[in-house]
Amino acid sequence: KAGVTQTPRYLIKTRGQQVTLSCSPISGHRSVSWYQQTPGQGLQFLFEYFSETQRNKGNFPGRFSGRQFSNSRSEMNVSTLELGDSALYLCASSFTLGLAGGTGELFFGEGSRLTVL
Amino acid sequence: QKEVEQDPGPLSVPEGAIVSLNCTYSNSAFQYFMWYRQYSRKGPELLMYTYSSGNKEDGRFTAQVDKSSKYISLFIRDSQPSDSATYLCAMSVSGNTPLVFGKGTRLSVIA
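Residue numbers (my numbering), protein chains in the order written: chain A, 12 to 128; chain B, 12 to 122.
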C-alpha cells in the first residue's frame, strides 16, 4: 500500500514568489492535514481538510492557503514568500477526521523542504 | 509559554540503556497523548497512543500520562542504535481537534 506522497521534495524560491505543494494521501484516506516544521517552532498545524472542506485552521497568516480535491489529493499554497517560510512542510492523512478513528494515528509523508532566499 | 514543552536534547546514551523522554503541557483539556518518532529526512510515525491518564506498554516502549502533573513520559528499555531518531510528543483536546506537538527530543543511541 503506497504511503503519503508529497511533491516536490525540495524547492528553492525567492522572497515575494509563491509556491504550491502537493500531497497524495493513502488510498481510502479522506482527511489531509498540513504541518510546518522548523527547528525553532517545531511542528505547527496549518490546516485540515476532510471531504474537500477545511475543517480546522491553525494560526497562520492568510498567505497560507490550501484545498482538497474530490479524489482527496490536497495542495497548499504560500503566496508572497518570506524568509521565515523556509521550513519542511509535512502532509498527513488519516481515514477519518482528526482522531475520530480512535488510534490517534496520522500517516505523514516525507515532506517538502522549502528554502526561501 | 508554549502549550507543550519538550527538551530538545540532544540526548546521547549507550546501547542497552533505559531512555526517558518527557513533555510537560499547560492545557488541562488535553485528553489524547501520542509519541511520534521521526528519522532523519523522514516524516513522523506514530509510536504510542494513550487516552487520558495511565500507562501503556508496547514491547520495549512504555508511555505514561500524569494528568494531575500535566506530564507525559516515554520510556525505552534496552535501547538500540536503530532507536536513534527525534521523538515528538503530541496532544489533542478531542478527537476532532488538531494535534499540538512538542519540538522533539533528538536521541542518539551509541553502539
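No residue lacks a Cβ here, since even glycine has one placed at the ideal position from N, Cα and C.
Nothing here was measured: the structure is a model prediction, and the numbers come from that model.
Using beta carbons (cut-off 9 Å, strictly below), is F112(B) in contact with chain A?
yes
Where the region 61–74 of chain A meets chain B: residues whose CB sits under 8 Å from a CB there
R66, N67, G69
With a CB to CB cut of under 7 Å and the five nearest residues on each side skipped, what residues in its chain are close to Y47(B)?
P55, E56, L57, L58, L99, A101
Which of helix, strand or coil does DSSP assign to A111(A)?
Its pLDDT being 49, under 50, A111(A) is placed unreliably by the model, and nothing is read from it.
For K114(B), does the count of other Cβ atoms within 10 angstroms reach 16, so buried, or fall short, so exposed?
buried
Sequence ranges, beta strand (DSSP E) only - wholly within the region 52–80 of chain A, length at least 3:
53–61, 64–68, 75–79
Identify, in the order they occur along the chain, each residue of the same chain with its Cβ nearer than 6 Å to the Cβ of S63(B), setting aside the five sequence neighbours on each side.
Q42
Buried or exposed, going by whether 16 or more other CB atoms sit within 10 Å of the CB of D89(B)?
exposed
Between L110(B), G20(B), L85(B), which lies nearest to V30(B) when the distance is taken from Cα to Cα?
L85(B)
G39(A) CB to nearest chain B CB: under 9 Å?
no
Please identify the residue among R20(A), P36(A), Q55(A), V30(A) whose C-alpha is closest to the C-alpha of E14(B).
Q55(A)
Please name the residue, chosen from Q52(A), V43(A), Q48(A), that lies closest to T64(A) on a Cα-to-Cα basis.
V43(A)
Shorter than 9 Å from the beta carbon of G54(B) to some beta carbon of chain A?
yes
What does S44(A) reach in chain B if we use C-beta pairs closer than 9 Å?
P109, L110
Is it right to say Q28(A) is buried, meaning 16 or more other beta carbons lie within 10 angstroms of its own, or is it exposed?
exposed
Could you check what DSSP says for D96(A) in three-state terms: helix, strand or coil?
helix
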